[in-house]
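The structure appears right after this line, and notes come after that.
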Amino acid sequence: MGRSPHTPTQEGRATISTGESLITAADIDDLITRVRQSAGDPGPLESAKAALFSGFSGDGRGHDDGPGAGPGPDPEAARLIRQRLLVTALRHGGALLAKLLSRLSPRETAMVRRYAHRLANFLDTLEVWAAQPVMLALMRFGLPYGEAETIAVAVLLLVG
1 MGRSPHTPTQ EGRATISTGE SLITAADIDD LITRVRQSAG DPGPLESAKA
51 ALFSGFSGDG RGHDDGPGAG PGPDPEAARL IRQRLLVTAL RHGGALLAKL
101 LSRLSPRETA MVRRYAHRLA NFLDTLEVWA AQPVMLALMR FGLPYGEAET
151 IAVAVLLLVG
């Protein structure tokens, strides 16, 4: 029997299969810790977390009551925030980067790790994230077509 798109898993997180973000508050907390450890400013990450999860109660399950209840950001703003979070994850590692890598083969994972900073720098320049420009950039870095395509699709699926 299939699971509904919002059924809680054993870890208390929801499995989202409807195109909603796979990025959790715990992923952002991990990034905040990593940025602090590298003497960076976690302020933008804290703002991103507040913006993405403003419509959720403290338990993170999306109820309309409790602290933090209210409307979340519009879908376009939420997507832009998730893009910034992924770029930060490419630079600092952590749980969010692990989610991207878990969708890839060991060879593709090694390629992402090798070119993570270059990919982050490229993604910073994109105004519209689409598979083709990401794939072409990865190919310019030296990745074969097949791996570049798979990685570009995984990146776009993660940010929604």
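When you number the sequence shown by the working numbering, it's gap-free, plus one each residue, and the end is 160.
Note that CB positions come from ideal geometry on N, CA and C, so glycine has one too.
- Secondary structure of Asp27 (DSSP, three-state): helix.
- Within the model, the alpha-carbon separation for Ser54 versus Ala78 is close to 11 Å.
- In this model, Leu52 and Asp30 are separated by some 15 Å (Cα to Cα).
- Non-local beta-carbon contacts of Ala130 in its own chain, meaning distances under 8 Å to residues more than five positions away in sequence, involve Leu156 in chain order.
- Residue ranges of uninterrupted alpha helix (DSSP H) with 4 or more members, entirely inside the region 92-156 and ordered along the chain, are 95-101, 106-125, 131-140.
- Pairing Ile23 with Arg82 gives a Cβ-Cβ distance under 8 Å.
- Boundaries of the alpha helix (DSSP H) harbouring Pro44: 43-52, taken from the DSSP string.
- A Cβ-Cβ contact shorter than 8 Å links Asp27 with Leu96.
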